[in-house]
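As structure tokens, the structure follows; a few thoughts come after it.
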Amino acid sequence: MEKPFAITLDVGSSLANKTGSWRVERPVYVDRLPPCNDACPAGENVQGWLYHAEAGDYEQAWRQLVDDNPFPAVMGRICYHPCETVCNRAQLDEAVGINAVERFLGDFAIEHGWSFEAAPPSSGGRVLVVGAGPAGLSTAYHLRRLGHTVVIHDAGAMPGGMMRFGIPKYRLPRDVLDAEVERICALGVELHLNRKVTDLPATMRDGGFDAVFLAVGAQLAKRAYLPAGDSAHILDAASLLHSMEGASPPKLGRRVVVYGGGDTAMDAARTAKRLGATDAVVVYRRTRERMPAHDVEVEEAVDEGVLMKWLSTISEVNEGEILLEQMVLDDTGFPQPTGRFEKLDADCVVLALGEESDLSLLTGMDDVEIADGVVQVGPDLMTGHPGLFAGGDVVPAERTATNAVGNGKRAARTIDAWLRGETLPEPARHELASFEHLNTWYYTDAQKTERPRLEPARRTSTFDEVVGGLDETNALFEARRCLSCGNCFECDNCFGVCPDNAVVKLGPGKRYEFDYDYCKGCGICVVECPCGAIVMEPERV
Amino acid sequence: MSAAENGKPMTTTQPVKFYQVGSFAVGNRLVDPSQRTIQADAARANSITSGHRGCQGCGEALGARYVLDAAMRATEGKLVAVNATGCLEVFTTPYPETSWQLPWIHSLFGNAASVATGVAAALEIRGRDDVRVIAQAGDGGTVDIGFGCLSGMFERNDDVLFVCYDNQAYMNTGVQRSGATPPAARTATTETVGREPGNPFGQGKDLPRLAMAHGIRYVATATVADLHDLEAKVERAMGFRGARYLHVLVPCPLGWSSAPEDTIRIARLAKESGLFPVFEAVDGEVTAASGIRKLVPVEEYLRLQGRFRHLFDSSGAVARSDVVARLQQSADANIEKFGLLRREMV
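Shown next as structure tokens:
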């Protein structure tokens with residue numbers, strides 16, 4: 001070919017020069033496990049549903065959420081949100097108000113009448129669920145979605161278990177609970193109320209069930225021996241809270257003492273205030289720091305005028321007054337008596353010393369191991385009896401509704417696997433997306449949106465809900481505070497900062513890929529990725 | 542009665558815009574595409590395509606693509622680039638390959654401004670005022686070798702945007718000192734020996750100020766760490782006719798002995814410490830400065846760079862506090878002069 005003077009080669013593009021050969025390390029896109037997801041007892045993909053909420057796609061967000069947990073409106077009120085405790089944003093300003101957004105989504109769904117996608121026709125096993133509390137309803141929901149026939153038997157007159165009979169209305173309005181329970185039943189779950197299972201082997205046999213999920217919870221109040229006069233008025237917190245669902249509220253008197261230091265004690269004291277008690281005093285044998293109740297419950301109780309009597313035990317109950325003994329903590333943190341006593345006016349004593357499960361229905365099932373009053377299960381939540389699974393408050397675990405919902409999901413999956421003669425593989429967990437993985441420069445500064453709270457004066461006179469919800473504007477704002485830890489949210493940084501144009505943008509929702517023909521492995525994309533979704537890996541030789 | 546007392550959800554006033562990463566990231570799926578950077582667009586011009594031989598983590602390759610892609614957008618693709626000799630020319634055009642995806646002319650080391658003047662004059666004669674001209678050079682080709690030609694181009698007010706990609710030394714030829722090398726930096730010609738190791742204090746040139754002194758229409762500085770700012774300045778510059786000057790700080794992993802992945806981080810720290818003021822000036826007067834968002838001491842910027850290693854001991858602690866203090870003084874002077882900590886600037 002004829003070429004101009006001094007030209008010997010055709011003009012070519014530098015694309016002929018595959019600079020990828022320079023590389024000793026290669027960037028790779030990864031998904032890391034956000035701390036919120038890691039901490040969620042219900043196994044929610046929190047970051048995943050926030051991602052949709054950020055874009056204002058609330059329905060998609062809700063659908064992603066209910067993939068794991070069918071109770072967003074309930075959880076958004078009563079969950080103690082361990083997700084927020086570990087949220088990476090807390091190290092920047094304040095944790096994302098995950099719980100508030102969850103509630104917003106739950107309420108939005110109820111308001112708009114969203115229902116679950118229809119479950120497949122029942123073709124699998126026939127499963128009995130004993131107990132319509134958070135664990136039982138969660139299992140029923142997930143099993144139904146996996147195509148199994150589900151029958152729930154519950155001893156109570158209304159479904160919900162401790163969500164209804166243990167949690168006061170001012171924390172969880174009943175219309176919210178009803179709406180989310182009804183939505184589960186609408187999936188085709190058979191719910192039988194007022195049907196207490198007393199002989200489980202017989203019920204299993206008669207109903208022709210292939211598997212059982214035991215979720216009867218823990219309602220029997222633990223008692224303590226208290227020397228008491230004839231006319232002393234003593235009742236337990238579980239029955240107090242239970243009776244609040246009835247037509248006539250119990251009469252407690254003006255001066256109410258609650259004995260115990262858990263969340264139930266706080267609920268009982270706050271309920272007593274609302275029933276007209278002028279004094280509601282919580283007596284606890286240890287100190288505030290050692291109290292099992294969650295901080296938020298204690299704070300709200302104190303705000304409402306509930307008084308706390310630390311380091312005290314009740315040694316005698318008489319009409320109109322009780323005798324307290326002061327305690328000291330020994331070196332191991334255990335309370336020891338001091339021999340010093342004081343009197344306290346009290347019309348009534350409410351015992352909130354914890355609850356136990358009624359496991360009499362297991363009588364005769366020798367292969368089910370019971371220890372410390374709870375049913376022992378393997379990691380798959382199966383008891384020693386093949387096909388009998390258990391979860392929620394009847395197994396050794398933290399006794400919260402969220403944990404029960406998580407148990408329910410897990411049990412549904414293992415029951416499904418068991419019915420098919422398989423074992424559920426342990427899901428691979430991604431590496432944790434810890435704060436060090438983030439490049440927080442890129443996130444806009446934004447303080448948390450606080451949910452409005454009812455004034456204390458109004459709280460103690462009514463059972464109105466104490467904590468309000470977010471509206472659409474501030475829920476969107478709150479969702480957008482999410483850092484999307486460890487998961488690409490398509491900010492285009494990698495695509496923009498590559499000096500070699502070696503990042504290919506695949507379009508909305510499809511993320512990116514590297515062009516290893518040209519990537520020199522400089523690693524700028526890794527450092528400038530806000531959420532830590534890229535890692536460098538040694539190049540294979 | 543407040544909304545809270547009423548028991549109804551309280552409507553809190555929100556900042557007008559809050560989109561997770563705001564305008565700090567390159568793109569943002571939550572905002573309209575028009576508010577994202579040009580670099581976020583899969584259809585960007587990619588003025589320097591892949592396969593160029595810039596080092597791993599080259600700040601200049603990045604800076605030049607940012608500037609030219611923005612100028613291509615502003616001129617609807619009617620753009621000619623004149624390129625002085627230097628890294629940018631060498632690594633993009635090893636014969637017979639080219640990375641350039643726009644009309645591009647290579648000049649001598651020192652005369653890019655003059656060649657650009659000629660291109661602009663030729664276009665004018667042919668009545669093609671729709672085609673615009675950019676001249677680009679490194680700091681050596683701008684502040685030292687090319688300064689005479691550049692000063693003439695400013696003085697004649699030729700219709701050229703001159704862009705200096707400042708990596709603060711002659712990198713292509715082996716990291717020799719230039720008039721833009723900062724004090725205390727090690728180069729091949731300012732070794733870390735003697736009482737004042739590295740480049741001496743009190744020398745060098747402040748080209749943005751020199752450009753402003755020529756009274757040209759528009760002068761601006763920028764870094765590769767703030768893309769929105771850089772693109773806005775290129776677009777603004779292309780909105781003016783006559784001589785314009787843009788000075789872009791582009792970290793150089795080779796010459797600065799820094800990790801290739803730290804290129805953007807270092808540029809950001811240069812601005813956030815106050816050492817490199819980011820501002821714009823119209824008709825010789827400073828009209829705006831980019832405020833510091835998270836103030837850092839200069840040692841955070843210096844510590845990442847091997848050219849300042851002699852100021853630290855092996856544990857990374859400051860060993861030459863006297864030198865670091867002088868550098869901090871110059872950062873503080875910038876903060877004061879440009880009002881970089883004033884709230885309304887942020």
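In order, the protein sequence lines correspond to chains A and B.
For the first sequence, position 472 matches number 472 in the numbering used here, and the numbering has no gaps at all.
One rule links them: number in the numbering used here = place in the second sequence (from 1) + 541.
Note that CB positions come from ideal geometry on N, CA and C, so glycine has one too.
In this text, all values refer to a predicted model and were calculated from it rather than measured experimentally.
Can you tell me whether DSSP reads residue i as helix, strand or coil?
i: Ile-524(A); result: helix
i: Arg-480(A); result: coil
i: Asp-236(A); result: strand
i: Asn-547(B); result: Per-residue confidence for Asn-547(B) stands at a pLDDT of 41, beneath the threshold of 50, marking its modelled position as unreliable; the derived number appears in the next sentence. Correct three-state label for Asn-547(B): coil.
i: Arg-844(B); result: helix
i: Lys-812(B); result: helix
i: Trp-22(A); result: helix
i: Phe-389(A); result: strand
i: Met-694(B); result: helix
i: Ala-581(B); result: helix
i: Phe-703(B); result: strand
i: Phe-849(B); result: helix
i: Cys-494(A); result: helix
i: Val-859(B); result: strand
State the Cα-Cα distance for the pair residue i and residue j, rounded to the nearest angstrom.
i: Gly-208(A); j: Thr-149(A); result: 11 Å
i: Ala-622(B); j: Ile-646(B); result: 6 Å
i: Cys-596(B); j: Pro-41(A); result: 48 Å
i: Val-283(A); j: Gly-305(A); result: 14 Å
i: Leu-816(B); j: Arg-23(A); result: 33 Å
i: Glu-546(B); j: Asp-471(A); result: Its pLDDT being 40, under 50, Glu-546(B) is placed unreliably in this model, and the value from its coordinates should be taken loosely. Roughly 16 Å separates the two Cα atoms.
i: Cys-488(A); j: Gly-563(B); result: 16 Å
i: Gly-354(A); j: Ala-221(A); result: 6 Å
i: Asn-318(A); j: Cys-79(A); result: 38 Å
i: Arg-594(B); j: Gly-715(B); result: 16 Å
i: Gly-682(B); j: Arg-697(B); result: 19 Å
i: Pro-818(B); j: Asn-439(A); result: 23 Å
i: Glu-369(A); j: Gly-486(A); result: 41 Å
i: Glu-537(A); j: Val-526(A); result: 11 Å
i: Asp-670(B); j: Val-656(B); result: 17 Å
What does residue i touch in chain B if you count any residue whose Cβ is under 8 Å from its own?
i: Ala-55(A); result: Arg-570 and Leu-571
i: Tyr-518(A); result: Ser-591 and Gly-592
Any idea if residue i is buried or exposed, counting beta-carbon neighbours within 10 angstroms, 16 or more meaning buried?
i: His-142(A); result: buried
i: Gly-600(B); result: buried
i: Arg-205(A); result: exposed
i: Asn-194(A); result: exposed
i: Ala-428(A); result: exposed
i: Thr-828(B); result: exposed
i: Ser-14(A); result: buried
i: Val-328(A); result: exposed
i: Ala-602(B); result: buried
i: Tyr-711(B); result: buried
i: Lys-18(A); result: exposed
Name the two residues that bound the continuous beta strand (DSSP E) containing residue i.
i: Ser-871(B); result: Taken as a continuous stretch (DSSP letters only), Ser-871(B) belongs to no beta strand (DSSP E), being part of the alpha helix (DSSP H) at 862-879.
i: Thr-764(B); result: 759-764
i: Ala-657(B); result: Run containing Ala-657(B): none in the beta strand (DSSP E); it sits in the alpha helix (DSSP H), 653-666.
i: Glu-94(A); result: First-last for Glu-94(A): undefined, no H or E at that position.
i: Asn-403(A); result: Element bounds for Asn-403(A): not the beta strand (DSSP E) but the alpha helix (DSSP H), 401-419.
Closer than 7 Å by beta-carbon distance: list the chain B residues that pair up with residue i, in chain order.
i: Lys-505(A); result: Ala-583
i: Ala-502(A); result: Ser-591
i: Phe-435(A); result: In chain order: nothing, as chain B lies at least about 16 Å away.
i: Cys-522(A); result: Gln-597, Gly-598, Pro-801 and Glu-802
Could you tell me which chain B residues have their CB closer than 9 Å to the CB of residue i, listed as they occur along the chain?
i: Ser-21(A); result: Residues of chain B passing the Cβ test: none, with the nearest at roughly 11 Å.
i: Trp-418(A); result: Per Cβ cutoff of 9 Å: no residues; Trp-418(A) is ~42 Å from chain B at best.
Residue i versus chain A: which residues are under 9 Å apart at the beta carbon?
i: Asp-767(B); result: Those within 9 Å of Asp-767(B) in chain A number zero; the least Cβ separation is about 11 Å.
i: Pro-637(B); result: Ile-7, Thr-8, Leu-9, Asp-10, Val-11 and Gly-12
Check the Cβ of residue i against every Cβ in chain A and list those closer than 7 Å, keeping chain order.
i: Ser-640(B); result: Ser-14
Can you tell me where the alpha helix (DSSP H) with residue i in it begins and where it stops?
i: Thr-633(B); result: 628-633
i: Val-722(B); result: Per the sequence presented here, residue 722(B) reads as Thr, with Val not at that position. Careful: Thr-722(B) lies outside any alpha helix (DSSP H) and carries neither H nor E.
i: Met-779(B); result: 768-779
i: Ile-322(A); result: Not the alpha helix (DSSP H): Ile-322(A) falls in the beta strand (DSSP E), residues 321-329.
Starting from residue i, find everything on chain A with Cβ-Cβ shorter than 8 Å and list it in chain order.
i: Phe-565(B); result: Trp-441, Tyr-442, Tyr-443 and Thr-444
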